[in-house]
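The structure under discussion appears below in the form of structure tokens.
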Amino acid sequence: MAHAEMQELVRRLLTKYLNEKGHRKTSERYLILKTIYDQEGHFDVDAIHHLIKSQGIHISKATVYNTLELLLDAGLIRKHQFTNKAAYYEKNFFNKSHDHIILMNEDGELENIIEFCDPRIENIKKDLESYLQIDISGHDLYFYAKKKK
Ligand SMILES: [Zn+2]
Numbered sequence: 030m031a032h033a034e035m036q037e038l039v040r041r042l043l044t045k046y047l048n049e050k051g052h053r054k055t056s057e058r059y060l061i062l063k064t065i066y067d068q069e070g071h072f073d074v075d076a077i078h079h080l081i082k083s084q085g086i087h088i089s090k091a092t093v094y095n096t097l098e099l100l101l102d103a104g105l106i107r108k109h110q111f112t113n114k115a116a117y118y119e120k121n122f123f124n125k126s127h128d129h130i131i132l133m134n135e136d137g138e139l140e141n142i143i144e145f146c147d148p149r150i151e152n153i154k155k156d157l158e159s160y161l162q163i164d165i166s167g168h169d170l171y172f173y174a175k176k177k178k
């Protein structure tokens, strides 16, 4: 799917959500959605705020934060609490199902986030569903790591 089509699709999903919930269709909400879907990777509130400001648009950090919570509720983005510091966000559509390795530096700070996809995790899920007679609706798997010396 072309990038413009993806943008149009998530835009429509946001409109549907805002209509259903009776929320206002503000330009900021669409702008933040577009900004996230224009990028690859994971962002904290500060990074998204910076990306918006770099387009010459003034927006408060509180608006960014509130909009992210709204996009999260709409299922348009995913939120990760990789460390006890700021939460990270990423798009939820057009993003292959994946898990994360959180690479920490010597000072115990987040250095990099590595995405990986391993079909064995899907197999574990299927085995558990069958063995326990349950339907698993989602999972979060984070490996915390340091570079080998
Ligand atoms: Zn990710």
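When the letters of the sequence shown are read in order and numbered with this note's numbering, they come out as residues 30 to 178. All C-beta atoms, glycine included, are put in the ideal place defined by N, C-alpha and C.
Would the beta-carbon of residue i be found less than 6 Å away from any heavy atom of ligand 1?
i           : result
residue 119 : yes
residue 69  : no
residue 140 : no
residue 151 : no
residue 144 : yes
Near residue i, what residues of its chain come up, given a Cβ to Cβ distance below 7 Å and the 5 sequence neighbours on each side ignored?
i           : result
residue 48  : none
residue 39  : 62, 66, 105, 122
residue 155 : none
residue 70  : 119
Counting only the same chain and skipping the five closest in sequence on each side, list residues whose C-beta sits under 8 Å from that of residue i.
i           : result
residue 146 : 125, 126, 127, 128
residue 80  : 64, 68, 72
Would you mind giving the Cβ-Cβ distance between residue i and residue j, rounded to the nearest angstrom? I have them listed as a contact below 8 Å.
i           : j           : result
residue 150 : residue 158 : The Cβ separation is near 13 Å, so there is no contact.
Report all residues from its chain with a CB closer than 6 Å to the CB of residue i; omit the five preceding and five following residues, and keep chain order.
i           : result
residue 58  : 96
residue 112 : 139
Check whether the Cβ of residue i lies closer than 7 Å to any Cβ atom in chain B.
i           : result
residue 103 : Structure shown: chain B not included; a single protein chain is present.
Touch test, the region 128-144 against the region 161-173, Cβ-Cβ under 8 Å, three pairs minimum: yes
Cβ contact (3+ pairs, closer than 8 Å) linking the region 64-76 and the region 89-98: Yes: the two stretches touch, three or more of their Cβ pairs being nearer than 8 Å.
Three CB pairs or more closer than 8 Å across the region 81-93 and the region 109-119: no
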